[in-house]
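> So the protein sequences, as listed, match chains R and P. Each position in the first sequence, counted from 1, maps to that position plus 627 in this note's numbering. Each position in the second sequence, counted from 1, maps to that position plus 627 in this note's numbering. We put the CB at the ideal spot given by N, CA and C, even for glycine. Let me give you the structure first, and then I'll get to my questions.
Protein chains: 2
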Amino acid sequence: MSPEKFLTKTKYFKSEDEILLESGKVLKNIEIAYETYGNLNKNKDNAILVCHALTADAHAAGYHSLNDKKPGWWDAMIGPNKALDTNKYFVISSNVLGGCKGTTGPCSINPDTKTPYGHDFPVITIEDMVKVQKKLVDFFGIKKLIVIGGSMGGMQAIEWSIKHPDIVKTTIVIASTARLSAQAIAFNAVARNAIIQDKYFNGGNYYNSCNTPDYGLAIARMIGHITYLCEEAMHSKFGRDFKSAPSFDFGVDFQVESYLEYQGRIFVDRFDANSYLYITKALDYYDPITKFGTLENAFRQSDSRFLIISFDSDWLFTSNQSKEMVNALIKAGRDVSYVELKSPCGHDAFLIEYENQTKIIKNFLKKDCPKIDAA
Amino acid sequence: MSPEKFLTKTKYFKSEDEILLESGKVLKNIEIAYETYGNLNKNKDNAILVCHALTADAHAAGYHSLNDKKPGWWDAMIGPNKALDTNKYFVISSNVLGGCKGTTGPCSINPDTKTPYGHDFPVITIEDMVKVQKKLVDFFGIKKLIVIGGSMGGMQAIEWSIKHPDIVKTTIVIASTARLSAQAIAFNAVARNAIIQDKYFNGGNYYNSCNTPDYGLAIARMIGHITYLCEEAMHSKFGRDFKSAPSFDFGVDFQVESYLEYQGRIFVDRFDANSYLYITKALDYYDPITKFGTLENAFRQSDSRFLIISFDSDWLFTSNQSKEMVNALIKAGRDVSYVELKSPCGHDAFLIEYENQTKIIKNFLKKDCPKIDAA
Chain R
628 MSPEKFLTKT KYFKSEDEIL LESGKVLKNI EIAYETYGNL NKNKDNAILV CHALTADAHA
688 AGYHSLNDKK PGWWDAMIGP NKALDTNKYF VISSNVLGGC KGTTGPCSIN PDTKTPYGHD
748 FPVITIEDMV KVQKKLVDFF GIKKLIVIGG SMGGMQAIEW SIKHPDIVKT TIVIASTARL
808 SAQAIAFNAV ARNAIIQDKY FNGGNYYNSC NTPDYGLAIA RMIGHITYLC EEAMHSKFGR
868 DFKSAPSFDF GVDFQVESYL EYQGRIFVDR FDANSYLYIT KALDYYDPIT KFGTLENAFR
928 QSDSRFLIIS FDSDWLFTSN QSKEMVNALI KAGRDVSYVE LKSPCGHDAF LIEYENQTKI
988 IKNFLKKDCP KIDAA
Chain P
628 MSPEKFLTKT KYFKSEDEIL LESGKVLKNI EIAYETYGNL NKNKDNAILV CHALTADAHA
688 AGYHSLNDKK PGWWDAMIGP NKALDTNKYF VISSNVLGGC KGTTGPCSIN PDTKTPYGHD
748 FPVITIEDMV KVQKKLVDFF GIKKLIVIGG SMGGMQAIEW SIKHPDIVKT TIVIASTARL
808 SAQAIAFNAV ARNAIIQDKY FNGGNYYNSC NTPDYGLAIA RMIGHITYLC EEAMHSKFGR
868 DFKSAPSFDF GVDFQVESYL EYQGRIFVDR FDANSYLYIT KALDYYDPIT KFGTLENAFR
928 QSDSRFLIIS FDSDWLFTSN QSKEMVNALI KAGRDVSYVE LKSPCGHDAF LIEYENQTKI
988 IKNFLKKDCP KIDAA
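Here is the structure:
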């Protein structure tokens, strides 16, 4: 076993509390899938909460078994001496509300009916995701929290900083935005349409069927992938290369088509179409600017230092959107560092450009390094 | 009747010739839907061929009836004293091969089977579209031709200039490119997937069915519309405005969703899903750079003056792609004028920004104004 192949396990926390959602509806018996890495100190002030993007899960680091080929989705960032250094920090990663990776979502059993929720699951928001995460953080008795996230994870980090200034003293927002652009909403809307129009969607009640809305979900994922890569990345990765020769039919001709089809195909094995609907809706709805009048006012609620990282080739969550946050934070009198990283990888860069992110995050976290308990 | 409401009519030309397609297959009994505006002079050297984009038709100018609310799709550009001045020029507009607006395409009757072609229709290319247009141009005995087109129409114009240097002496390429980017191919691939996976697609044989693949075609159109507008245009047009209040369900929430759904819905009434497949495939395949080794070599085949117009906010067919053409034309020793117009309208600008296009095109055409016959 490689010294770096540390084993981790997804655990489950069940909250007895009812959660009042932004929609006005109530959820109960919520289960939260989570993993932790490193140790919580006596002061309970060395915790980092990692918030994930649209389709990830609680398994952010390490391996579930020695046979696993791939580690958790942000393993390059979490571990001893890594950006989120588990020699110093207690790192928590949990699956979001509405997901399909262990935390309560539309594929979970509705306690009232003993069958999967399907579309009886209430529409949830980023705020609701944070409410659920707060239950887990409280369970550990955490006094001080660093929150970090990329893409949708960044939105959760923003919400944490606004909603819980008493414990969130450090916030790191990567490749994210305070609210989606009209274009990003448009892409999500088309993706949802593809799922809802799938012949096997059946109003979201497909869990007991042999057929699931895989085609629609695959199309949604393909649309997503186009937005995650920038045109430069697509060009250098695929160009106009043919898989073989022009087929003169409607099969897969170009490498870029082959890539997208593959991404769509493998995605349906690991993700639930209803979760895709619910989570993209949460993305669309999040808007602290409208809620607080201005982004400046939103950030005035916080009592946190901020690190904002964007990638120059990210056209989904652009550097300009990050700069808007930086300007609002400055106006709100908050301590903010901002770095725009050069990368050819588009929005995906936060899952690829580990070296620069590590340097920047390590340096940023130095300032308020918690006390580590003696061994 | 307004003096500007001139009546036009779509006519049909039937070619007896067999057309050898790029795929190696042969098409026969091709019918071409076309309209003409203005008069052909005795020298037959005052003709302009207008080439249309993905979903347009032969009806480019005027009204088919006094009751029509809308004129042809480029009416603002075609008519007396307009950019394409019908007092001077004989303007021809025809529906492309593979279309569904009168020219032979997958919804036409296959003369061999007496039923609609469906997917027995061969895959066609931009080159094939031009071969068919050439039959029409020859029918009029045209000696000298100006070719103009926006978007896919620009590709046809490029192909005309390369293939028929004997008659094409002036070429105007607007919001176009010599070949699609990997990203544009990717969007087309996802659009085709949405159509092919529609529950009513039935392998393309749906013409005798009560149900047609409308959902898939609508999704394809929605994807298209996102790419036609730039993010700035979407932002200023819709922002994050709600239709009413958040629905907390999966209906239409935002104005931008409402716009896209509407565009998808009305599109299926006027377009055939198979044509969408065939024409996007033709777009993907067109690549004179690969065919001739370099774009410079491709343009060396031509004997035409060129006007290239791009729009700064067009992210589908970018200004950089236009500049590549300009550079290649200069290297090839061709006379080229290039204008990048500022517009907030994205790719759609060629169908919106008439004033500036008119000025530039009128000025460009002055140089080789044909002799008009005495009345």
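Residues of the stretch 815 to 840 of chain P in Cβ contact with chain R at a cutoff of 8 Å, in chain order, please.
Those would be 816, 817, 819, 820, 821, 823, 824, 825, 826, in chain order.
> So, with DSSP's three-state summary, where would you put residue 662 (chain R)?
Strand at residue 662 (chain R).
> Where does residue 881 (chain R) fall in DSSP's three states?
It is a strand residue.
> Should residue 995 (chain R) be flagged as near chain P, meaning a C-beta pair shorter than 9 Å?
No, because no Cβ of chain P sits closer than 9 Å to the Cβ of residue 995 (chain R).
> Can you grab the Cα-Cα spacing for the pair residue 757 (chain R) / residue 850 (chain P), in whole Å?
Approximately 32 Å between the Cα atoms of the pair.
> Applying the 10 Å Cβ sphere with the 16-neighbour rule, what's the burial state of residue 639 (chain R)?
When all chains shown are included, residue 639 (chain R) counts as exposed.
> Using a Cβ distance threshold of 8 Å, determine whether the stretch 967 to 983 of chain R contacts the stretch 850 to 863 of chain R, with at least three qualifying pairs required.
The stretch 967 to 983 of chain R is in contact with the stretch 850 to 863 of chain R.
> Does any residue of chain R have a CB that is nearer than 9 Å to the CB of residue 908 (chain P)?
Output row for residue 908 (chain P): interface = yes.
> Assess, as a yes-or-no matter, whether the stretch 793 to 813 of chain P is touched by the stretch 781 to 797 of chain R under the definition of 3 or more beta carbon pairs within less than 8 Å.
The stretch 781 to 797 of chain R, when compared against the stretch 793 to 813 of chain P, does not touch it at the 8 Å Cβ threshold.
> Rank P:735, P:837, P:715 by C-alpha distance to the C-alpha of residue 724 (chain P) and give the top, closest one.
Looking at the Cα atoms, P:735 is the closest of the given residues.
> Applying a beta-carbon distance threshold of less than 7 Å, which residues of chain P neighbour residue 750 (chain R)?
Near residue 750 (chain R) (Cβ distances below 7 Å), the residues of chain P are 875, 876.
> Looking at the structure shown, is residue 897 (chain P) part of a helix, part of a strand, or coil, going by DSSP?
DSSP places residue 897 (chain P) in coil when its eight states are reduced to three.
> Are the stretch 818 to 831 of chain R and the stretch 838 to 847 of chain P touching, with three or more C-beta to C-beta distances below 8 Å?
In short, these stretches touch, since the Cβ pair count reaches three.
> Counting only beta-carbon atoms, is residue 639 (chain R) nearer than 9 Å to chain P?
Answer no: the Cβ-Cβ gap between residue 639 (chain R) and chain P never drops below 9 Å.
> For a cutoff of 9 Å on Cβ pairs, would you count residue 628 (chain R) as touching chain P?
With a pLDDT of only 41 at residue 628 (chain R), under 50, the local geometry of the prediction cannot be trusted, and the value read off the model is given with reservation. For residue 628 (chain R), the answer is no, since every Cβ of chain P falls outside 9 Å of its Cβ.
> Does residue 922 (chain R) pass the burial test, meaning 16 or more other C-beta atoms within 10 Å, or should it be called exposed?
Buried, because 16 or more other Cβ atoms sit within 10 Å of the Cβ of residue 922 (chain R).
> Given 8 Å as the limit, is there contact between the stretch 674 to 684 of chain P and the stretch 705 to 721 of chain P, that is, 3 or more CB pairs closer than that?
In short, these stretches touch, since the Cβ pair count reaches three.
> Would you say residue 650 (chain P) faces chain R, with C-beta separation under 9 Å as the test?
Yes, its Cβ sits closer than 9 Å to a Cβ of chain R.
> Residue 763 (chain P) versus chain R: which residues are under 8 Å apart at the beta carbon?
Within 8 Å Cβ-Cβ: nothing; residue 763 (chain P) doesn't reach chain R, min ~24 Å.
> Quick check: the Cα distance between residue 927 (chain R) and residue 796 (chain R), rounded to an integer number of angstroms?
If I take the Cα positions, the gap works out to 13 Å.
> Starting from residue 641 (chain P), trace the beta strand (DSSP E) in both directions and tell me its first and last residue.
Here the beta strand (DSSP E) through residue 641 (chain P) covers 638 to 642.
> Where residue 901 (chain P) and residue 726 (chain P) are concerned, what is the direct C-alpha to C-alpha distance, given to the nearest angstrom?
Answer to the nearest angstrom: the Cα atoms are 9 Å apart.
> Taking only the alpha-carbon atoms, compute the straight-line gap between residue 983 (chain P) and residue 968 (chain P) and give it to the nearest angstrom.
Each residue's Cα considered, the two are about 8 Å apart.
> Check each candidate in P:866, P:802, P:918 and name the one with the smallest Cα separation from residue 979 (chain P).
For residue 979 (chain P), the nearest C-alpha among the options comes from P:802.
> Among R:852, R:938, R:913, which residue has its Cα nearest to the Cα of residue 880 (chain P)?
It is R:913.
> Using a beta-carbon distance below 9 Å, is residue 654 (chain P) in contact with chain R?
No, no contact with chain R.
> Ends of the alpha helix (DSSP H) at residue 718 (chain R)?
No alpha helix (DSSP H) holds residue 718 (chain R); the beta strand (DSSP E) holding it covers 717 to 721.
> Between the alpha carbons of residue 930 (chain R) and residue 759 (chain R), how many angstroms are there, rounded?
In a straight line, the C-alpha of residue 930 (chain R) is about 21 Å away from that of residue 759 (chain R).
> So which of P:891, P:909, P:883, P:898 has the shortest CA-CA distance to residue 874 (chain R)?
Of the listed residues, the one whose Cα sits closest to residue 874 (chain R) is P:909.
> Would the beta-carbon of residue 642 (chain R) fall within 9 Å of that of residue 741 (chain R)?
Contact: no.
> Please report whether the beta-carbon of residue 923 (chain R) lies at a distance below 9 Å from any beta-carbon of chain P.
Output row for residue 923 (chain R): interface = no.
> So, for residue 952 (chain P): in the same chain, excluding its five sequence neighbours on each side, which residues have a beta-carbon less than 6 Å away from its beta-carbon?
805, 935.
> Pick out the complete beta strand (DSSP E) segments inside the stretch 646 to 709 of chain P, 3 residues or longer, and give them in chain order.
The qualifying runs are 657 to 664, 674 to 678.
> Against chain C, which members of the stretch 893 to 918 of chain R pass a CB distance test of less than 8 Å?
The chain labelled as chain C is not found among the protein chains of the depicted structure, namely R and P.
> Less than 9 Å between the beta carbons of residue 662 (chain P) and residue 636 (chain P), yes or no?
In this structure, residue 636 (chain P) lies closer than 9 Å to residue 662 (chain P) by Cβ.
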